[in-house]
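For the sequence shown, the residue numbers in my numbering are 20 to 310.
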Amino acid sequence: MTTTLTAPSTPSPRVRSAGIATVLDVLDALDGRGMLSLSELSRETGAAKSTLHRVCSMMLERGWIARDEGTGAVGLGPRSAWLARANPAAALANGFHSVAARLVQRHNETTCLVVLDGLDSLFVAKIETTHLVRLMLTVGSRLPAFAAASGRVLLADLPTARVDEMLADTELVTPTGRRLDGLAELHRILARTRERGYGENLDDTALGLHCMAVPVGPPGRVAAALTVCVPSGRMTSERAAEMLPDLFSAARSLAPLADAPPPLTRELDHTSDLSVDPASAAGAGSIARER
20 MTTTLTAPST PSPRVRSAGI ATVLDVLDAL DGRGMLSLSE LSRETGAAKS
70 TLHRVCSMML ERGWIARDEG TGAVGLGPRS AWLARANPAA ALANGFHSVA
120 ARLVQRHNET TCLVVLDGLD SLFVAKIETT HLVRLMLTVG SRLPAFAAAS
170 GRVLLADLPT ARVDEMLADT ELVTPTGRRL DGLAELHRIL ARTRERGYGE
220 NLDDTALGLH CMAVPVGPPG RVAAALTVCV PSGRMTSERA AEMLPDLFSA
270 ARSLAPLADA PPPLTRELDH TSDLSVDPAS AAGAGSIARE R
């Protein structure tokens, strides 16, 4: 049985239709895991195979999913791809999967791509660890940006005055109940994030969860954050030091997909084979200084 670390997300209206919920669950599962058999879909979504057979038949007919005739497994179809083209993060999300797959293969921890949407960190893509104890967040989940490692990376790239304006009327209480000492503490966190070049949180989005995030894009033009979510029982300072260079390397590979020019090289960056294209492995690993 899988043990989950659940991070509370921004409340949203509940879906009342079981059919609609199953369709969305199928899309979430295929987005996060790639090609899946009907049995695997049943385990991922909790839906009965008979229900999935009906739902998938309709989704196949409409082009939302596609079937591999050789294996019978299904994946996201052409209509999903066309819809994604309207999303500014679509190119990043597409590139993310090949990069994150290598990260997960090497470190076996859940890896996510996150963008800033208003005051929230919005999870737009992810690949999960195979460990039984892991964070369970679906694509489309939201967390308060000030509390999440990814959100801190994204907020740290904004001018101080802009952060003040955005959060002036926000109660800075994390999903786990820790109250920040106002904007002053947040600015200290963001200053530390800029100084180190990466964001971090421990127990702020879920108890027992340690997250690290790096920017995708150069100072002033950070488009997204690449984050790893690790149960604190599996995280040590030595392991964090091993993971960070690979995170920075992966983010450099993704940066060209955000249409961002390369930034100055950081000393923390190390050679890695995690890049999509070694010739374009530039564009991340630094965060704008306070302006």
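Yeah, the Cβ is synthetic: ideal placement off N, Cα and C, and Gly gets one too.
Treat the numbers as computed from the prediction; the structure is a model and nothing was measured.
Does the Cβ-Cβ distance between residue i and residue j come in under 9 Å?
i, j, result
"T130", "V247", "yes"
"C230", "S169", "yes"
"H320", "V241", "Because residue 320 is not part of the residues shown, which for the chain are 20 to 310, the question remains open."
"V172", "A260", "no"
"A270", "V134", "no"
"L57", "G91", "yes"
"D176", "P238", "yes"
"L174", "A277", "no"
"L49", "G94", "yes"
"V123", "F142", "no"
"L132", "L245", "yes"
"E219", "T212", "yes"
"S256", "V118", "no"
"A187", "L199", "no"
Return helix, strand or coil for residue i, following the three-state DSSP convention.
i, result
"P237", "coil"
"L173", "helix"
"G38", "helix"
"P163", "strand"
"R181", "helix"
"R197", "coil"
"I306", "For I306, the pLDDT reaches just 43, beneath the cut-off of 50, and the residue's location in the model is therefore unreliable, although a value from the coordinates is still provided. Of the three classes helix, strand and coil, the one that applies to I306 here is coil, per DSSP."
"T29", "For T29, the pLDDT reaches just 49, beneath the cut-off of 50, and the residue's location in the model is therefore unreliable, although a value from the coordinates is still provided. Coil at T29, not helix or strand."
In chain order, what residues of the same chain lie with their CB nearer than 7 Å to the CB of residue i, ignoring the 5 residues before and after it?
i, result
"T149", "N127"
"R125", "D265"
"I39", "none"
"D44", "T64, A66"
Given residue i, which residues of its chain have a CB within under 8 Å of its CB, disregarding the five upstream and five downstream residues?
i, result
"S251", "L221, D222, G227, L228, H229"
"S61", "A67, K68, L71"
"T116", "Contrary to the premise, residue 116 reads as His rather than Thr in this sequence. Here the set comprises G53, A144, I146."
"T41", "T64, A66, T70, L71, V74"
"D139", "T29, R161, L162, P163, A164, G170"
"G136", "Reading off the sequence, residue 136 comes out as Asp, not Gly. Around D136: R161."
"D87", "M54, V93, G94"
Report all residues from its chain with a CB closer than 6 Å to the CB of residue i; omit the five preceding and five following residues, and keep chain order.
i, result
"H96", "Just to set this straight, residue 96 is Gly in the shown sequence, not His. Counting only Cβ-Cβ distances below 6 Å, and skipping sequence neighbours, we find G82, W83, I84, A85."
"H289", "Note that H289 has pLDDT 35, beneath the 50 cutoff, so the model's placement of it is unreliable and no number is given."
"T224", "A26, L162, A166, A167, P194"
"M78", "I84"
"A180", "none"
"S99", "W83"
Pick out the complete alpha helix (DSSP H) segments inside the segment 46–75, 4 residues or longer, and give them in chain order. 57–64
My parser needs the alpha helix (DSSP H) runs of 4 or more residues fully inside the segment 83–145; what are they? 97–103, 109–126
For the segment 206–259, which segments carrying the alpha helix (DSSP H) assignment without a break, of at least 4 residues, lie completely within its bounds, in sequence order? none
May I ask you to verify whether the segment 158–175 touches the segment 193–204, counting CB pairs closer than 8 Å and requiring at least 3? yes
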